[in-house]
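Quick notes on the structure that follows.
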Amino acid sequence: MLPENLTAIVARNEIWTGMSATEPYEAGWAKEAIVFVRALKLPKGKLPKARIEISADGMHWAPEGSEFDLPAAENAVTFQRLAHFGNFLRVTASLPAGAEITVLVSMHFKA
Numbered sequence: 001m002l003p004e005n006l007t008a009i010v011a012r013n014e015i016w017t018g019m020s021a022t023e024p025y026e027a028g029w030a031k032e033a034i035v036f037v038r039a040l041k042l043p044k045g046k047l048p049k050a051r052i053e054i055s056a057d058g059m060h061w062a063p064e065g066s067e068f069d070l071p072a073a074e075n076a077v078t079f080q081r082l083a084h085f086g087n088f089l090r091v092t093a094s095l096p097a098g099a100e101i102t103v104l105v106s107m108h109f110k111a
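For the sequence shown, the UniProt record's numbering gives the first residue as 1, with consecutive numbering after it.
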């Protein structure tokens with residue numbers, strides 16, 4: 001039997017400033033995931049690390065522990081591999097004043 005795969009776009013052409021997060025995605029069925037973040041324009045200012053957050057209900061969030069760099073150049077891509085993440089996932093970042101990034105965030109799952 002072939003593994004089941006799914007790709008979900010959770011942020012498309014979103015401009016992130018201040019406290020930003022993707023839409024939550026329910027993926028309790030998946031065994032593993034890879035989250036990709038692509039900068040669609042040249043980012044502005046000093047970028048923080050992005051964080052993965054998990055949730056049992058899609059409303060109350062806890063840090064999963066993974067942090068990774070946001071892409072620092074136009075069309076650059078960064079990613080984070082995940083396992084044991086429970087039911088809901090999202091990507092968050094707290095950008096300092098003057099920082100801005102336009103993102104495409106996709107989540108790729110395998111059952």
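Every residue gets a Cβ at the ideal spot worked out from N, C-alpha and C, and that includes glycine.
Owing to the predicted nature of the structure, the values given are computational and were not obtained by experimental measurement.
Cβ distance (whole Å) where residue 73 is taken to contact residue 42 below 8 Å: With a contact defined as Cβ atoms closer than 8 Å, residue 73 and residue 42 qualify at about 7 Å.
Can the beta-carbon of residue 91 be found closer than 8 Å to that of residue 62? Residue 62 is positioned such that its CB atom lies no closer than 8 Å to that of residue 91.
Can you grab the Cα-Cα spacing for the pair residue 93 / residue 20, in whole Å? Approximately 5 Å, taken between the alpha carbons.
In the DSSP assignment, find the unbroken beta strand (DSSP E) run with residue 69 in it and report its ends. Looking at the DSSP string, the run of the beta strand (DSSP E) that includes residue 69 is 62-69.
Which listed residue (8, 48, 14, 79) has its alpha carbon closest to that of residue 98: Measuring C-alpha to C-alpha distances from residue 98 to each of 8, 48, 14, 79 identifies 48 as the nearest.
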